[in-house]
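Colleague: Protein chains in written order, with the working numbering: chain A, 159 to 476; chain B, -9 to 241.
One structure coming up, written as structure tokens, with questions to follow.
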Amino acid sequence: MSDTEVKNLEELFEARIARDEKIEPKDWMPEKYRKTHIRQISQHAHSEIVGMLPEGNWITRAPSLRRKAALLAKVQDEAGHGLYLYAACETLGISREELYEQLHSGKAKYSSIFNYPTLTWADMGAIGWLVDGAAIINQVPLCNTSFGPYARAMVRVCKEESFHQRQGYEIMLTLCNGTDEQKAMAQDALNRWWWPSLMMFGPTDAESTHTEQSMKWKLKRKTNDELRQQFVDQTAPQADILGISIPDPELKFNEETGHYDFGPIDWDEFWQVVKGHGPCNKERLKARVDAWEGGAWVRDAAMAYAEKQENKKVAKAS
Amino acid sequence: MKQDTLYQYILGIADNSLILGQRLGELCGHGPTLETDIAITNISLDLIGQTRSYYQYAAGLCDDGRTEDDIAFLRKEREYRNVLLVEQPNTHFGYVMVRQFFFDVFHLLFLKELQQSSDETLVAIANKAVKEVTYHQRFSSDWVKRLGDGTKESHEKIQEAVDDLWRYTEGLFYVTEVESAAVKDGIGVAVSSLKDAYYEHIKSVLTEATLSVPEHSFFQKGGKDGIHTEHMGYLLSDLQYMQRTFPNMNW
């Protein structure tokens, strides 16, 4: 294909996106579009499966049978989200094995929030309320993104996430209406999860490298800072209802702008965790690698068995 | 039938689901594939759901305001009535599947009989659970076949699990006094009558999976009498951690 032909195709492609048409896996797409989507969708899928670990920690210790069942169901939903996202990614011509390899080698990233430890039961509430709350704000606009399989996966993911968020908030509410010890547990969880949750929206707009292109492809509709502001505006009044305080002395409603002002984020911490030096980066990655390597014999057996069954069928038919 | 006997009888059924559900809950996120993680979590969820129905029924029989959670979390080790099989650890995926398979075959036969009980609540619980456990048994049987007739390595690993866990199967058919009383009243299932069908089914799947059926008959006793293996204490320390550390609170 000549450069001019490619340029024409690209113009037609951009025009389709501008008209809000969906791009499907079999359609022509620029190489950069394909790569950017593999990067973002796989990062999202990896976040789902790594995200199972900090919450999975508390399944065996959940304080009631009702909470245990709800937590199991939640972690199962996350595995399900991982599954459709990997499947969406595979339509772009990359296998799940290759994607795992990228995760295990550290080449692919996942959401840094999961590199923080879950130390108390209240963390199950805080994760649902704050982390799933932030995830929804990031993800709702993706239900209308240009790549069809991703957009469709996100519709289902968002529905389930919003259920998880309510469930998390309800855990917090129960703690805050409980004993002093329970309320202190909730406050401690908010103290630990607040700033990492704000970091989930990524670097400030000035530092963000992918924003412009992603806006054009509808992978993003609002900037990182706009989404972060939306999160703070939504969450601050919820903390008031709970009767616990957000650990930011500068947090204050600004009558003029109609938004909450908030204090500076510790970007050194953000980059440190992104670069692999957070509290649990090593443990999370090790758990994934161990599961994969430890399960190799099981996957090999399943392949060998399927092949034997297939051969038997062929032998029977002939 | 005396309420207390019925109460004890229900716990004897439900504890198996609780303890196996708890064991499976340890695996979430650590399985060999995403698909098996989802399936195993789902089985755990079914078992915890069944546990809740049984315990809610049992709690309602007592006039002291006790709840499903009091029953689940606040007993001493000796008061749990589960069989030894379900408390065995997740040594590797082969053990997880064999433990599941050995239990599922029993569980399904048991529930089908429980559907004939004269106790309506137990029948209702059994009716729902039968559908779930039919799937559990299909899942675990399929994996026993895949691992048995897969690779040399998988064959050896699952045979090891079969050989090790075999000694806990007989305990499924041990009849306690509470069970005898429940059977006499038309409420309970006579588990000893399920034994032949159980071993016949197990043997046919193991044979199809190219695995050998252990010939020894050295079986471990306990479980239903409250005497457990060393693994049980650790399992309970996780299970009861929150309730013991923060007593008398709502969660």
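All residues carry an ideal CB built from backbone N, CA and C; glycine is no exception.
(1) Under a three-way DSSP split, which group does residue 419 of chain A fall into?
(2) Which word fits residue 312 of chain A, buried or exposed, when buried means at least 16 other C-beta atoms lie within 10 angstroms of its C-beta?
(3) At a CB distance below 8 Å, what residues from the region 340 to 354 of chain A approach chain B? Give them in sequence order.
(4) Using 8 Å as the threshold, is the C-beta distance between residue 0 of chain B and residue 226 of chain A below it?
(5) Using 8 Å as the Cβ pair cut-off and three pairs as the minimum, do the region 282 to 294 of chain A and the region 316 to 335 of chain A touch?
(6) Reducing DSSP to helix, strand and coil, say where residue 349 of chain A ends up.
(7) Could one say the Cβ of residue 239 of chain B lies closer than 8 Å to chain A's Cβ atoms, at least one of them?
(8) What three-state label does DSSP hand residue 474 of chain A in the structure shown?
(9) In the DSSP assignment, what are the bridge partners of residue 411 of chain A?
(10) So that I know if they touch, is there some Cβ in chain B lying closer than 8 Å to that of residue 437 of chain A?
(11) With burial defined as no fewer than 16 other Cβ atoms inside 10 Å of the residue's Cβ, what is the status of residue 315 of chain A: buried or exposed?
(12) Shorter than 8 Å from the beta carbon of residue 15 of chain B to some beta carbon of chain A?
(13) Can you tell me whether DSSP reads residue 181 of chain A as helix, strand or coil?
(14) Using a Cβ-Cβ distance under 8 Å, would residue 191 of chain A count as near chain B?
(15) Among A:234, A:446, A:343, which one has its Cα closest to the Cα of residue 263 of chain A?
(16) Tell me whether residue 31 of chain B is buried or exposed, calling it buried when 16 or more other Cβ atoms sit within 10 Å of its Cβ.
(17) CB residue 162 of chain B to CB residue 124 of chain B, shorter than 8 Å?
(18) Taking 8 Å as the threshold (beta carbon to beta carbon), is residue 287 of chain A in contact with chain B?
(19) Just verifying my parser: in three-state terms, what is the DSSP assignment at residue 305 of chain A?
(20) Verify whether the separation of the beta carbon atoms of residue 302 of chain A and residue 376 of chain A is less than 8 Å.
(21) Comparing C-alpha positions only, which one of B:140, B:241, B:148, B:216 sits nearest to residue 463 of chain A?
(22) So which residues on chain A does residue 35 of chain B lean against when the C-beta distance must stay under 8 Å?
(23) Classify residue 402 of chain A as helix, strand or coil using the three-state DSSP reduction.
Modeller: Short version:
(1) The residue you call residue 419 of chain A lines up with position 261 of the first sequence. Assigned with DSSP and collapsed to three states, residue 419 of chain A falls in strand.
(2) On the first sequence, position 154 is the one that residue 312 of chain A refers to. Burial call: buried.
(3) 340
(4) Within the second sequence, numbered from 1, the residue matching residue 0 of chain B stands at position 10. Within the first sequence, numbered from 1, the residue matching residue 226 of chain A stands at position 68. Against a cut-off of 8 Å, the Cβ pair of residue 226 of chain A and residue 0 of chain B comes out as no contact.
(5) yes
(6) The residue given as residue 349 of chain A occupies position 191 in the first sequence. Three-state result, residue 349 of chain A: helix.
(7) Reading the second sequence from its first residue, position 249 is the one you call residue 239 of chain B. By this cut-off, residue 239 of chain B is an interface position.
(8) Residue mapping note: residue 474 of chain A aligns to position 316 of the first sequence, counting from 1. Residue 474 of chain A falls in the helix class under three-state DSSP.
(9) Position 253 of the first sequence, counting from 1, holds the residue named residue 411 of chain A. A:418, per the DSSP bridge assignment.
(10) The residue labelled residue 437 of chain A in the question sits at position 279 within the first sequence. By this cut-off, residue 437 of chain A is not an interface position.
(11) In the first sequence, residue 315 of chain A corresponds to position 157, counting from 1. So residue 315 of chain A ends up on the buried side.
(12) Against the second sequence, residue 15 of chain B aligns to sequence position 25. Interface residue, yes.
(13) One-based indexing of the first sequence puts residue 181 of chain A at position 23. Residue 181 of chain A falls in the strand class under three-state DSSP.
(14) For the purposes of this step, residue 191 of chain A is taken as residue 33 along the first sequence, with counting starting at 1. No, because no Cβ of chain B sits closer than 8 Å to the Cβ of residue 191 of chain A.
(15) For this step, residue 263 of chain A is matched to residue 105 along the first sequence. Here the closest residue by C-alpha is A:446.
(16) For this step, residue 31 of chain B is matched to residue 41 along the second sequence. So residue 31 of chain B counts as buried.
(17) Residue mapping note: residue 162 of chain B aligns to position 172 of the second sequence, counting from 1. Residue mapping note: residue 124 of chain B aligns to position 134 of the second sequence, counting from 1. In this structure, residue 124 of chain B does not lie closer than 8 Å to residue 162 of chain B by Cβ.
(18) Residue 287 of chain A sits at position 129 when you count from the first residue of the first sequence. So no, residue 287 of chain A is outside the interface.
(19) As a first step, residue 305 of chain A must be located in the first sequence, where it is residue number 147. In this structure, residue 305 of chain A counts as strand in the three-state DSSP scheme.
(20) Translated into the one-based positions of the first sequence, residue 302 of chain A becomes position 144. Translated into the one-based positions of the first sequence, residue 376 of chain A becomes position 218. Yes, the pair counts as a contact, with Cβ atoms nearer than the cut-off.
(21) The residue labelled residue 463 of chain A in the question sits at position 305 within the first sequence. Nearest C-alpha to residue 463 of chain A: B:140.
(22) In the second sequence, counting from the first residue as 1, residue 35 of chain B sits at position 45. Those within 8 Å of residue 35 of chain B in chain A are 227, 230, 231, 234.
(23) Here residue 402 of chain A refers to the residue found at position 244 of the first sequence. Coil.
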